[in-house]
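Student:
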Amino acid sequence: MNIADKFINQQDLTKEEFVELILLAEADEAVRRRITEEAVRLRKKYYGLDVYTRGLIEFTNYCKNNCYYCGIRRGSRNVERYRLTKEEILECCERGYGLGFRTFVLQGGEDPYFTDERMAEIVRGIRAGYPDCAITLSIGERSYESYRLLKEAGADRYLLRHEAADEELYASLHPKEMEAARRRQCLYDLKELGYQAGAGFMVGPPGQKLPDLAEDLVFLKELGPQMIGIGPFIPHHDTRYAGEPAGSVERTVLLLSIIRILLPAALIPATTALGTLDKSGREKGLAAGANVVMPNLSPLKNRRQYELYDNKICTGEEAAEYRAELAAAVEKIGYRLADGRGDAWG
């Protein structure tokens with residue numbers, strides 16, 4: 008039994024075996040095809056042909072952190088900063104609800120202005136106005152008590168990419184005040200509090216090696232998150248990595264299939280970063296086992312200001328206003344946009 012057979016038969020792999028699996032799949036098209044086919048089989052077993060939509064509201068591009076790869080990091084002097092008011096956020100929800108969205112994702116930098124009290128007030132406002140909708144937060148590392156308060160206010164899900172499970176790689180991408188262990192603990196806190204928790208990582212940032220990706224996969228298996236978001240690294244012109252190459256679309260798509268087999272009931276988005284590097288990237292992600300898309304519901308005037316990386320797409324089919332066009336693109340590859348909240352299986 009080769010390593011691909013072992014993996015497809017749902018046997019746990021070691022870090023070294025994940026490296027072997029990735030190398031084999033990248034070298035042998037037949038192995039890669041088998042992995043993709045199994046990922047699609049499992050995706051259909053748990054979720055059928057449904058692709059779930061989330062209305063993404065990027066409500067602040069202020070951030071207290073100085074992550075070396077990020078376009079909205081604290082140290083960037085060329086960012087036009089903005090914050091949405093509670094009323095503006097609720098207007099996004101109203102527009103999104105009318106377009107058919109039943110999950111709202113509030114994403115922002117780690118902005119100290121949005122205290123627990125302010126965030127809880129916003130969450131309560133969305134919950135009161137849209138009781139049939141899911142509320143997802145993606146606002147970084149906070150205390151256990153903060154997560155508890157936001158859960159009590161009505162939040163259902165929380166996205167917090169771990170970015171890199173390997174501590175040395177994580178340290179090379181972040182300032183010393185940020186710690187990989189702290190980030191991982193936040194994810195365990197979220198799970199303990201009953202959130203549908205989402206982790207994830209970048210594919211191809213400077214310094215990443217195959218053993219680092221393998222460690223990410225081992226960590227995801229241990230954590231067991233309900234949501235997993237991965238995307239290729241894309242450089243931003245105003246960071247130290249401006250001249251670095253972007254991550255591989257092909258490797259990212261392969262890893263989407265591997266993650267689907269590793270955690271078959273997970274909600275896995277075909278990310279904006281994939282669509283930014285490849286105009287068919289979102290469709291490639293869905294065809295490899297992903298089952299979520301996140302169109303942008305932010306006010307048009309702010310979308311380009313939330314620039315985590317260069318050339319981020321935000322006004323075409325990935326925009327909420329183009330839901331009909333997105334539905335057609337999804338149907339073209341054999342799937343369908345689903346109504347409803349789209350909770351994790353089980």
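Here this note's numbering is used: position 159 in the sequence shown is 166, and no number is missing along the way.
Backbone N, C-alpha and C fix where the C-beta goes; we use that ideal spot for every residue, glycine too.
1) On the criterion of 16 or more Cβ atoms from any shown chain inside 10 Å, does G214 qualify as buried, or is it exposed?
2) Which residue wins for smallest C-alpha separation from G17, given the options S305, L315, L270 and L224?
3) Tell me where the alpha helix (DSSP H) around I358 begins and ends.
4) By the three-class DSSP mapping on this structure, what secondary structure does E235 have?
5) Leaving aside the five residues before and after I275 along the sequence, list all residues of the same chain whose C-beta is less than 7 Å from its C-beta, in chain order.
6) What residue range does the alpha helix (DSSP H) around A37 cover?
7) Identify every residue that forms a DSSP beta bridge with D346.
8) When you compare only the Cα positions, how much space is there between K13 and A34?
9) Pull up the distance between the alpha-carbon of I237 and that of Y76, whole angstroms please.
10) Out of M8, T67, T43 and P306, state which residue places its alpha-carbon closest to the alpha-carbon of S145.
11) Which residues does DSSP list as the beta-bridge partners of S358?
12) Tell me the DSSP bridge mates of P354?
13) So, are the CB atoms of A127 and L167 less than 8 Å apart?
14) Could you tell me whether the region 132-147 touches the region 91-99, using the rule of 3 or more Cβ pairs below 8 Å?
15) Restricting to runs no shorter than 4 residues, where is the alpha helix (DSSP H) found entirely within the region 127-194?
16) Going straight from the alpha carbon of A141 to that of M8, what length do you get?
17) So if DSSP puts V58 in a beta bridge, which residue, or which two residues, is it bridged to?
18) The alpha helix (DSSP H) spanning A280 covers which residue range?
Tutor: The relevant details are as follows:
1) As a working mapping, residue 214 is identified with position 207 in the sequence shown. The residue in question, G214, is exposed, as its Cβ has fewer than 16 Cβ neighbours within 10 Å.
2) Translated into the one-based positions of the sequence shown, residue 17 becomes position 10. The residue asked about is misnamed: residue 17 is Gln in this sequence, not Gly. Closest option to Q17, Cα to Cα, is L270.
3) With the chain covering 8 to 353 only, the question about residue 358 has no answer from this structure.
4) Within the sequence shown, numbered from 1, the residue matching residue 235 stands at position 228. As written in the sequence, residue 235 is Ile, which differs from the Glu given in the question. Strand, per DSSP.
5) In the sequence shown, the residue the question calls residue 275 occupies position 268. Contacts found: I235, L263, I266, R267, G296, A297, N298 and V299.
6) Residue numbering aside, residue 37 sits at position 30 when the sequence shown is read from its first letter. First-last of the alpha helix (DSSP H) with A37: E36 to Y54.
7) Translated into positions along the sequence shown, residue 346 becomes position 339. DSSP, once it has assigned bridges, lists no residue as partnering D346.
8) What you label residue 13 is simply residue 6 of the sequence shown in a count that begins at 1. What you label residue 34 is simply residue 27 of the sequence shown in a count that begins at 1. Going by the C-alpha atoms only, they are around 18 Å apart.
9) As a first step, residue 237 must be located in the sequence shown, where it is residue number 230. As a first step, residue 76 must be located in the sequence shown, where it is residue number 69. The alpha-carbon atoms of I237 and Y76 are separated by roughly 15 Å.
10) Within the sequence shown, residue 145 is the residue found at index 138, counting from 1. Comparing Cα-Cα distances from S145 to each of M8, T67, T43 and P306, the minimum goes to T67.
11) Residue 358 is absent from the model: the chain starts at 8 and stops at 353.
12) As shown, the chain starts at 8 and ends at 353. That puts residue 354 outside it, with no answer to give.
13) Counted from its first residue, the sequence shown places residue 127 at position 120. Counted from its first residue, the sequence shown places residue 167 at position 160. Against a cut-off of 8 Å, the Cβ pair of L167 and A127 comes out as no contact.
14) yes
15) 151-160 and 174-180
16) Indexing the sequence shown from 1 puts residue 141 at position 134. Indexing the sequence shown from 1 puts residue 8 at position 1. Rounded to whole angstroms, A141 to M8 spans 43 Å at the Cα level.
17) Position 51 of the sequence shown, counting from 1, holds the residue named residue 58. V58 pairs with L344.
18) Start at 1 with the first residue of the sequence shown, and residue 280 comes out as number 273. Per DSSP, A280 belongs to the alpha helix (DSSP H) from T279 to L284.
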